[in-house]
Amino acid sequence: MSPIIARAAMRSAAAAATTSSRMVTRRNFSIIQNLRSFARSLESHPFERLPVSSQSAAADWGRQLKRTGRQAVIYFPAMVCMLGWPYAASLVASPKE
9 MSPIIARAAM RSAAAAATTS SRMVTRRNFS IIQNLRSFAR SLESHPFERL
59 PVSSQSAAAD WGRQLKRTGR QAVIYFPAMV CMLGWPYAAS LVASPKE
């Protein structure tokens, strides 16, 4: 027997054994379990108990307001430019009577 045929036979036998062992250990399909694992994969951190050894940080509302104000300074003029240019172009291009 050639080594190529022997190797192919060994691989097919190993694949058949793996497939049959997968079928034996196969679990039931559960939509709820799949949805739960999907939802957990979307979390930015693993779900766990909060530590009792340290206190949670207090909210820094001043920092939040400053950050929101800095973003608003850029956001609103940018939105006026993006959404208002057709109106400005129509004013410039329209004939004045």
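In case it helps, this note's numbering puts the sequence shown at residues 9 to 105.
Glycine included, C-beta positions come from ideal geometry on N, C-alpha and C.
Within a Cβ cutoff of 7 Å, which residues of the same chain sit near residue i, ignoring the five residues on either side of it in sequence?
i, result
"L43", "none"
"R78", "none"
Quick one: give me the first and last residue of the alpha helix (DSSP H) that residue i is part of.
i, result
"V100", "W69 to A101"
"S10", "Unbroken run through S10: none, as it is neither H nor E."
"N42", "I39 to L50"
Among residues of its own chain, excluding the 5 on either side of residue i, which ones have a beta-carbon nearer than 6 Å to its beta-carbon?
i, result
"A97", "none"
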